[in-house]
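Below is one structure, written out as structure tokens, with a few remarks after it.
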Amino acid sequence: MPLKSLKAREDDLSSPTKQLEFLNNGIFKDGELPRFKDKIAETNQLPLKPKKLEILQLNLGYMCNQICSHCHVDAGPDRQEIMTVETMHQCLEVIKNTGAHTLDLTGGAPEMNPNFRWFVEEASKAGIKDFIVRSNLSIILANKKYHDLPEFFRKHNVHVISSLPFYKKEKTDKQRGSGVFDKSIKALQMLNQVGYAQQGTGLKLDLVYNPSGAFLPTNQEAMERDFKTALKKDFDIDFNSLFAITNLPISRFLEFLIASENYEDYMYALVEAYNPAAVENVMCTNTISISWDGWLYDCDFNQMLDLKVNSKVKHISNYNENLLNDREILISQHCYGCTAGAGSSCQGTVA
Numbered sequence: 001m002p003l004k005s006l007k008a009r010e011d012d013l014s015s016p017t018k019q020l021e022f023l024n025n026g027i028f029k030d031g032e033l034p035r036f037k038d039k040i041a042e043t044n045q046l047p048l049k050p051k052k053l054e055i056l057q058l059n060l061g062y063m064c065n066q067i068c069s070h071c072h073v074d075a076g077p078d079r080q081e082i083m084t085v086e087t088m089h090q091c092l093e094v095i096k097n098t099g100a101h102t103l104d105l106t107g108g109a110p111e112m113n114p115n116f117r118w119f120v121e122e123a124s125k126a127g128i129k130d131f132i133v134r135s136n137l138s139i140i141l142a143n144k145k146y147h148d149l150p151e152f153f154r155k156h157n158v159h160v161i162s163s164l165p166f167y168k169k170e171k172t173d174k175q176r177g178s179g180v181f182d183k184s185i186k187a188l189q190m191l192n193q194v195g196y197a198q199q200g201t202g203l204k205l206d207l208v209y210n211p212s213g214a215f216l217p218t219n220q221e222a223m224e225r226d227f228k229t230a231l232k233k234d235f236d237i238d239f240n241s242l243f244a245i246t247n248l249p250i251s252r253f254l255e256f257l258i259a260s261e262n263y264e265d266y267m268y269a270l271v272e273a274y275n276p277a278a279v280e281n282v283m284c285t286n287t288i289s290i291s292w293d294g295w296l297y298d299c300d301f302n303q304m305l306d307l308k309v310n311s312k313v314k315h316i317s318n319y320n321e322n323l324l325n326d327r328e329i330l331i332s333q334h335c336y337g338c339t340a341g342a343g344s345s346c347q348g349t350v351a
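Quick note on numbering: full-length UniProt numbering labels position 166 of the sequence shown as 166, and the sequence is numbered without any gaps.
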């Protein structure tokens, strides 16, 4: 487990430019593996263009109470980047006028933004169909001021999507830190107690699985059955759906791949599992990702590589949905992670 973020360690991989240089060289530069743009060109899917905008994903800040080994955001307690009230006001104006039906709040731990509750209260008035908060669960137990989050989420009919690497303690704590599993289980029980994933309440609680090593997730439906059986039997926990998300080779997961000498094998696995059918529904085609400082990206992963949208409109302050819908989506080798096998997005498999 890393003790600090890449940024705090001043690691070369804390630089998006250095990450892109690494991804564009080596086995891709010498032609050993095809670049992603060449791969999708084979099936006439280049350039990749957006479809109807459905999801606005807002990153409220990179601060987090955990330092997970796979984190593509490089989040942690030492990260100070936080969305300001000014940027939140700009986002609220967009939310009120967007054609998107889903608002997706993420981080870091979005709950650690000091204006999180105010923003949720204001955003919930906009009439968005699906209002998501992505919680790492352990934040609910991290401090007394967060203990009432389950009730707060219920009050505003928030759809909670929570990370849980596995239904066993050892794998979860290995990826997320000692004691995280027990806190996560307690948090899930607290969410169940206020009505989440309970029949007739309409309160949705979904889980997210990320592989703990240099391998791709297995069948999402089978994993969901295993998670539901184990969590119900061992802890009397209910949840709605499980999303299996492939780890993308960026940030701290890229660091892990390089340090464990698994990078080339992992990239081979992604390329060999490439599925052109998954390209049709990758999240960048129906999502706009907004960073803590208001810049616009095709997806959360492009945000971490600082690949701003290919449009005249690049910031929330001059947001124009029509212009954004006419852009070409920026791609690089990390995109293989979203198109391997059944595909991968923030809402799970796509093909």
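Think of the CB as a built atom: it goes at the ideal place given N, C-alpha and C, for glycine as much as any other residue.
Owing to the predicted nature of the structure, the values given are computational and were not obtained by experimental measurement.
message = To test your reading of the DSSP string, which unbroken beta strand (DSSP E) runs of 3 or more residues are found completely within the segment 219-249?
response = 242-244
Q.
If contact is defined by three or more beta carbon pairs under 8 Å, each pair taking one atom from either stretch, is the segment 197-208 in contact with the segment 55-71?
A. no
**Prompt:** Do you know offhand how far residue 152's Cα is from residue 121's?
**Reply:** 10 Å
Check your understanding: How many angstroms separate the CA atom of residue 141 from the CA atom of residue 147?
Key -> 6 Å
(message) At 3 residues or longer, what runs of the beta strand (DSSP E) sit wholly inside the UniProt domain "Radical SAM core" (59-196)?
(response) 102-106, 130-135 and 159-163
- Item | Residues near residue 108 in its chain [Cβ-Cβ closer than 6 Å; skip 5 each side] | 61, 62, 63, 64 and 75
Would you identify the three-state DSSP class for residue 260, choosing helix, strand or coil?
coil
Please tell me whether residue 253 and residue 72 are closer than 9 Å, where the distance is taken between their beta carbons.
yes
*asked:* Count Cβ pairs between the segment 41-58 and the segment 270-281 that sit closer than 8 Å; are there 3 or more?
replied: yes
**Message:** Taking 6 Å as the limit between beta carbons, can you name the residues of its chain near residue 324, skipping five residues before and five after?
**Reply:** 311 and 313
Cutting at 6 Å between CB atoms, please list the residues of its own chain near residue 104, excluding the five before and the five after it. 55, 57 and 132
- Which whole-angstrom value describes the C-beta separation of residue 298 and residue 330, a residue pair presumed to lie in contact below a C-beta threshold of 8 Å? 6 Å
Determine whether the beta carbon atoms of residue 247 and residue 275 lie at a separation below 9 Å. no
Please classify residue 224: is it buried, with 16 or more other beta-carbons within 10 angstroms of its beta-carbon, or exposed?
buried
Task: Whole-Å CB distance - residue 35 paired with residue 333, under 8 Å assumed - done: 6 Å
Proximity winner among 341, 87, 79 and 216, relative to residue 9 (alpha-carbon distances) = 79
Q | residue 95 versus residue 227: straight-line alpha-carbon distance, rounded | A | 34 Å
Practice prompt. Starting from the C-beta of residue 135, find all residues in its chain whose C-beta is less than 7 Å away, skip the five residues before and the five after it, and write them out in chain order.
Written response: 111, 160 and 162
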